[in-house]
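Peer 1:
Residue numbers (full-length UniProt numbering): 1 to 191.
1. In this structure, how does DSSP classify residue 32 when only helix, strand and coil are distinguished?
2. Kindly confirm or deny that the region 101 to 114 and the region 77 to 92 touch, where touching means at least three C-beta pairs closer than 8 Å.
3. How far does the alpha helix (DSSP H) with residue 118 in it reach, from first residue to last?
4. Mind the definition here: the region 72 to 90 touches the region 46 to 59 only if three or more C-beta pairs lie below 8 Å; say whether that holds.
5. Tell me whether the beta-carbon of residue 111 lies closer than 7 Å to the beta-carbon of residue 124.
6. Is residue 20 near residue 43, with beta carbons less than 7 Å apart?
7. With a CB to CB cut of under 6 Å and the five nearest residues on each side skipped, what residues in its chain are close to residue 129?
8. Between the C-alpha atoms of residue 72 and residue 63, what's the straight-line distance to the nearest angstrom?
9. Out of curiosity, what's the CA-to-CA distance linking residue 67 and residue 53?
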């Protein structure tokens, strides 16, 4: 005699929590009824949070109370404690000012070295070093690698070209417009 096979039971769906949706299932994979329960639960949660937040009058009352408490605490401080707080504040401001001053001094030194070496401001931004000697050595290396802009100039190299571009040998020493026009007529045969 053989025993009858046990009936196959379909796998049970995911366990549903007290809010009506499964915890471990992504929302996109939930059944529509579970999705509705999920969103309803979260909407209620957000609504409760919004309703429990203080309104504008309550916030103003709390701020006023906080300011009054701060005034009372300040009044209860001894003179020594007030001096200590003032000293701490002034020390922090001094340290901040020293740090800003050091940053400005380093920037000033870097720009002075760049100007002395004939570098552009873009090239000056790439200088590295903390002392004048280090910055000068880096500037010299930068000039060797990429070329400076000439002493004090900004025309892109040590070509010696004057402002307005390179001049040809045929330009000469034209002093006036009339002499330049006369030279043009001679060269091009125009009358």
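The beta-carbon is built from N, C-alpha and C at its ideal position, and this holds for glycine as well.
Peer 2: Checking against the coordinates, here is how it stands:
1. One-based indexing of the chain shown puts residue 32 at position 32. In this structure, residue 32 counts as helix in the three-state DSSP scheme.
2. Touching, no, given that fewer than three Cβ pairs across the two stretches are closer than 8 Å.
3. Counting from one through the chain shown, the residue named residue 118 turns up at place 118. Unbroken run through residue 118: none, as it is neither H nor E.
4. They do not touch, by the three-pair rule.
5. Stepping through the chain shown from its first residue, residue 111 is reached at position 111. Stepping through the chain shown from its first residue, residue 124 is reached at position 124. The answer is yes: Cβ separation under 7 Å.
6. Residue numbering aside, residue 20 sits at position 20 when the chain shown is read from its first letter. Residue numbering aside, residue 43 sits at position 43 when the chain shown is read from its first letter. Contact flag unset, no.
7. Taking the first residue of the chain shown as 1, we reach residue 129 at position 129. Scanning its chain for C-beta atoms nearer than 6 Å, with the 5 sequence neighbours on each side dropped, one finds around residue 129 the residues 135, 138, in chain order.
8. Residue numbering aside, residue 72 sits at position 72 when the chain shown is read from its first letter. Residue numbering aside, residue 63 sits at position 63 when the chain shown is read from its first letter. If you take the alpha carbons of residue 72 and residue 63, they lie about 14 Å apart.
9. Position 67 of the chain shown, counting from 1, holds the residue named residue 67. Position 53 of the chain shown, counting from 1, holds the residue named residue 53. Between residue 67 and residue 53, the C-alpha separation is close to 21 Å.
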